[in-house]
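Have a look at the structure below before the remarks.
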Amino acid sequence: MNILVSCDTNYIKPLKTMFYSLFLTNKTNIDIYIMHSSISDENIKLLEDFVKEQSNNKARLINVRVEDEFSGALTTFYYTSEMYYRLLAYKYLPEDLDRVLYLDPDILVLNSLETLYKSDFCDNLFMAAIHTIPTVQSANKARLKVTSEKSDIVNYYNSGILMINLARARQNSYEDKIVKYINSTPKAGLMMPDQDLLNVVFRKEIKEISELKYNYDARRFSAYKLMYNYDIEDVMAKTSILHFCGKRKPWLENSIGKFNSLYKFMWQKALYD
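Heads up: the sequence shown begins at 1112 in our numbering, then just goes up one per residue.
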């Protein structure tokens, strides 16, 4: 299995926590590619050792340093340039890789990823989940229809978990489309920069995957329970990826959430036990 991650130094602890949960629930051999622009060699070595130890040598971390890519693109304190890297992974990853699963650092892996990883792309570039809460969908679709002048935006996908069809991406290089969108779009069309870009530029090339299984928004427990009768037992038994979306991260002081105790347990096991 090939996994892609991308972050800066500020997210190393959440990244380790995600890795810990990944190895706990996926015992297969895993190559993890970390795309970044600024993590020190010392920290990369520490991450490499962590991955080997926690996976019992079944996984390895592969360093992919990116120089100056998207250095002029819109970023904020919260959204760094690393968020764009997943979209150009085909340029940097080995040519013999035909697919890779991108995972945000702010997730927990609760069950096997094998079924997702082996899913058929059906000739699409990406696989991603939409967050089906109506207000979230309608607000983001309306915003992008105005800023992009594209009336055919049907869904708004979350880019935090992304299956990437590297083979097809290499056949149809799209770097120019990404650069054009970044340079020509008003800030309102880049409120969630890489995610907005994905939903406009690639709106017809994304296969939908299950939100409840592969991109469960940890903030929405009550809504999921009401809409789908999907309870805690379902999450633990059926959900593969629990995603701590938004700015109120479970590792921050005074953070409150339904799954924060689970996250803090994993955080403790990964970093301090």
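Ideal Cβ positions, reconstructed from N, Cα and C, are used throughout, including at glycine.
Helix, strand or coil for GLU1319? Go by DSSP, reduced to three states.
Along the sequence shown, one-based indexing puts residue 1319 at 208. GLU1319 carries a strand assignment under DSSP once its states are collapsed to helix, strand and coil.
Using DSSP bridges, identify the partner residues of ASP1215.
Here residue 1215 refers to the residue found at position 104 of the sequence shown. Beta-bridge pairing by DSSP links ASP1215 to no other residue.
Among ARG1176, ILE1343, PRO1361, which has the Cα closest to the Cα of CYS1118?
The residue you call residue 1118 lines up with position 7 of the sequence shown. It is ARG1176.
Should GLY1271 go down as buried or exposed, given a rule of 16 or more other Cβ atoms within 10 Å for buried?
By one-based count along the sequence shown, residue 1271 stands at place 160. So GLY1271 counts as buried.
What three-state label does DSSP hand SER1270 in the structure shown?
Locating residue 1270 in the sequence shown gives position 159, counting from the first residue. Assigned with DSSP and collapsed to three states, SER1270 falls in strand.
With distances taken Cα to Cα, identify the nearest neighbour of HIS1242 among ASN1326, ASN1283, ARG1254, THR1296.
Here residue 1242 refers to the residue found at position 131 when the sequence shown is read from its first residue. Among ASN1326, ASN1283, ARG1254, THR1296, the Cα nearest to that of HIS1242 belongs to ASN1326.
For the stretch 1207 to 1221 against the stretch 1275 to 1282, are there 3 or more C-beta pairs whose distance is under 8 Å?
yes
Looking only at its own chain, which residues have a Cβ that is under 7 Å from the Cβ of LEU1357, when we skip the five neighbours before and after it?
Within the sequence shown, numbered from 1, the residue matching residue 1357 stands at position 246. Checking the sequence shown, residue 1357 turns out to be Gly, not Leu. Excluding positions up to five away in sequence, the list reads ARG1330.
Suppose you measure from the CA of THR1139 to the CA of ILE1114; what does that come to, to the nearest Å?
Residue 1139 sits at position 28 when you count from the first residue of the sequence shown. Residue 1114 sits at position 3 when you count from the first residue of the sequence shown. The straight-line gap from Cα to Cα measures roughly 12 Å.
Helix, strand or coil for VAL1220, going by three-state DSSP, please let me know.
Looking up residue 1220 in the sequence shown gives position 109. Three-state result, VAL1220: strand.
Would you report the Cα separation of GLU1178 and LYS1291, rounded to the nearest angstrom?
Along the sequence shown, one-based indexing puts residue 1178 at 67. Along the sequence shown, one-based indexing puts residue 1291 at 180. C-alpha separation (whole angstroms): 20 Å.
Considering only residues of the same chain and omitting the five flanking positions on each side of TYR1201, which have a CB-CB separation below 7 Å?
Counted from its first residue, the sequence shown places residue 1201 at position 90. Closer than 7 Å at the Cβ level, and outside the excluded window around TYR1201, lie LEU1277, ALA1280, ARG1281.
Quick check: ASN1235 and ILE1317, are their CB atoms within less than 9 Å of each other?
Working through the sequence shown from its first residue, we reach residue 1235 at position 124. Working through the sequence shown from its first residue, we reach residue 1317 at position 206. Yes, they are a contact pair.
Below 6 Å CB to CB, which residues in the same chain sit around ILE1320 once its five sequence neighbours on both sides are set aside?
The count along the sequence shown starts at 1 and reaches residue 1320 at position 209. Cβ within range, chain order: MET1238, ALA1240.
Taking all protein chains shown into account, decide if VAL1346 is buried (16 or more other Cβ within 10 angstroms of its Cβ) or exposed.
What you label residue 1346 is simply residue 235 of the sequence shown in a count that begins at 1. By the neighbour-count rule (16 or more Cβ atoms within 10 Å), VAL1346 is buried.
Are there three or more Cβ pairs, one per stretch, closer than 8 Å when the stretch 1225 to 1232 is compared with the stretch 1283 to 1297?
In the pairwise beta carbon analysis, the stretch 1225 to 1232 is classified as not touching the stretch 1283 to 1297: fewer than three pairs are separated by under 8 Å.
Would ARG1171 and ILE1275 qualify as a contact pair, given that the criterion is a beta-carbon distance under 9 Å?
Here residue 1171 is taken as the residue at index 60 of the sequence shown, counted from 1. Here residue 1275 is taken as the residue at index 164 of the sequence shown, counted from 1. Contact flag unset, no.
For ASN1269 versus HIS1354, is the C-beta spacing smaller than 9 Å?
On the sequence shown, residue 1269 is found 158 positions in, with the first residue counted as 1. On the sequence shown, residue 1354 is found 243 positions in, with the first residue counted as 1. Yes.
Could you check what DSSP says for PHE1188 in three-state terms: helix, strand or coil?
Numbered from 1 along the sequence shown, position 77 holds the residue referred to as residue 1188. At PHE1188, the pLDDT of 39 sits below 50, so the modelled position is not reliable; the number obtained from the coordinates is stated separately. PHE1188 falls in the coil class under three-state DSSP.
Might you give, ordered along the chain, the residues of its own chain that have their beta carbon closer than 7 Å to the beta carbon of ASN1167, omitting 5 neighbours on each side?
Numbered from 1 along the sequence shown, position 56 holds the residue referred to as residue 1167. For ASN1167, where only same-chain residues beyond five positions count, there are no Cβ hits under 7 Å.
Could you tell me if LEU1363 is buried or exposed, where buried requires 16 or more neighbouring beta carbons within 10 angstroms of its beta carbon?
In the sequence shown, counting from the first residue as 1, residue 1363 sits at position 252. Exposed.
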